[in-house]
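Heads up: the protein sequence lines correspond to chains A and B, in order. For the first sequence, position 82 (counting from the first letter as 1) is numbered 62 according to my numbering, and the numbering increases by one without interruption. Position in the second sequence counted from 1, then plus 121, gives you my numbering. Working notes for the structure below.
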Amino acid sequence: ETGVTQTPRHLVMGMTNKKSLKCEQHLGHNAMYWYKQSAKKPLELMFVYSLEERVENNSVPSRFSPECPNSSHLFLHLHTLQPEDSALYLCASSQARASNQPQHFGDGTRLSIL
Amino acid sequence: GQNIDQPTEMTATEGAIVQINCTYQTSGFNGLFWYQQHAGEAPTFLSYNVLDGLEEKGRFSSFLSRSKGYSYLLLKELQMKDSASYLCAVMSYNTDKLIFGTGTRLQVF
Chain A
-19 ETGVTQTPRH LVMGMTNKKS LKCEQHLGHN AMYWYKQSAK KPLELMFVYS LEERVENNSV
41 PSRFSPECPN SSHLFLHLHT LQPEDSALYL CASSQARASN QPQHFGDGTR LSIL
Chain B
122 GQNIDQPTEM TATEGAIVQI NCTYQTSGFN GLFWYQQHAG EAPTFLSYNV LDGLEEKGRF
182 SSFLSRSKGY SYLLLKELQM KDSASYLCAV MSYNTDKLIF GTGTRLQVF
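Here you go:
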């Protein structure tokens, strides 16, 4: 139990579907992150939110749309994805952005695009 | 730019000691993290080094040399459950980002 919960754990969708990934943290942290993890590639930072404000958009295509309604919840809205978007999407949180405190990760959502 | 290198795969036997190396190039170094990730699970925090030297935590130790851009994770008395990927990650105060290496997949036999 890492204190960061992601749903769903697995998602299969067609390229024309719209779906959302959800992340919830129970650690009282102020920063939340979305990462993409593909096979044999490093974790890629997608988005960073600090105190519910987006502070980083790491050149991510607009078919990925994040939302942070409060400091405990983070969503990633998906629309018209491509096959190369199939990957493990990890959510993380930390006490503050760019701190020496570790980021705590959820178990991820395994996304498959048909 | 930033770059992190670590071996792709390593194997070791139960009870042995293994050292996983990580070299990095970054501007504005602000600490190095090691994470463990079992297949299908979340990466979990193992250690953090920001000053030169060795940090010991039970069977796991992590070393840092900032002048050499080098770190290693030392795992002692290996157990089967230590089979996992080990991720090296560097924080830069210039970018405020945590940059990850590709990870080292360790198989314990």
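Ideal placement from N, C-alpha and C gives every residue a C-beta, glycine not left out. Small disclaimer: the values here were computed from a predicted structure and weren't measured.
Residue i lies in the beta strand (DSSP E); which residues open and close that run?
| i | result |
| --- | --- |
| S74 of chain A | 67 to 74 |
| Y214 of chain B | Run containing Y214 of chain B: none; DSSP gives neither H nor E here. |
| T225 of chain B | 225 to 229 |
| H59 of chain A | 53 to 59 |
| S186 of chain B | 181 to 186 |
| E176 of chain B | 174 to 178 |
| A11 of chain A | 11 to 17 |
Could you check what DSSP says for residue i in three-state terms: helix, strand or coil?
| i | result |
| --- | --- |
| E32 of chain A | coil |
| D126 of chain B | strand |
| K202 of chain B | helix |
| P41 of chain A | coil |
| L25 of chain A | strand |
Flag residue i as yes when its Cβ comes closer than 8 Å to any non-hydrogen atom of the ligand NAD, and as no otherwise.
| i | result |
| --- | --- |
| E135 of chain B | Here there are no bound small molecules, and the ligand NAD is not part of this structure. |
Kindly give me the distance between the Cβ atoms of residue i and residue j, rounded to whole angstroms, as I take these residues to be in contact under 8 Å.
| i | j | result |
| --- | --- | --- |
| Q83 of chain A | L219 of chain B | 6 Å |
| N170 of chain B | S188 of chain B | Between S188 of chain B and N170 of chain B the Cβ distance is about 13 Å, and since that is not below 8 Å, they are no contact. |
| I93 of chain A | M26 of chain A | Not really, about 16 Å apart at Cβ, beyond 8 Å. |
| D126 of chain B | T147 of chain B | Going by Cβ atoms, the distance from D126 of chain B to T147 of chain B rounds to 12 Å, so no, they are not a contact pair. |
| S73 of chain A | Q81 of chain A | In fact, because the Cβ distance is near 10 Å, the residues do not count as touching under 8 Å. |
How would you list, in chain order, the residues of chain B whose beta-carbon sits under 8 Å from the beta-carbon of residue i?
| i | result |
| --- | --- |
| A78 of chain A | N151, M212, Y214, D217, K218 |
At a CB-CB cut-off below 7 Å, which residues of chain B make contact with residue i?
| i | result |
| --- | --- |
| K20 of chain A | T223 |
| P82 of chain A | F154, F166, Y169 |
So which residues on chain A does residue i lean against when the C-beta distance must stay under 7 Å?
| i | result |
| --- | --- |
| F184 of chain B | Going along chain A, no residue has its Cβ under 7 Å from F184 of chain B, so there is no contact; the nearest lies around 17 Å. |
| E162 of chain B | D87 |
Have a look at the DSSP bridge pairing and note the partners of residue i.
| i | result |
| --- | --- |
| N142 of chain B | B:Y193 |
| R90 of chain A | A:H(-10), A:L68 |
| M131 of chain B | B:L227 |
| Y(-2) of chain A | Sequence inspection shows Lys at residue -2 of chain A; the Tyr mentioned does not correspond to that position. DSSP output for K(-2) of chain A lists A:H59 as bridge partner(s). |
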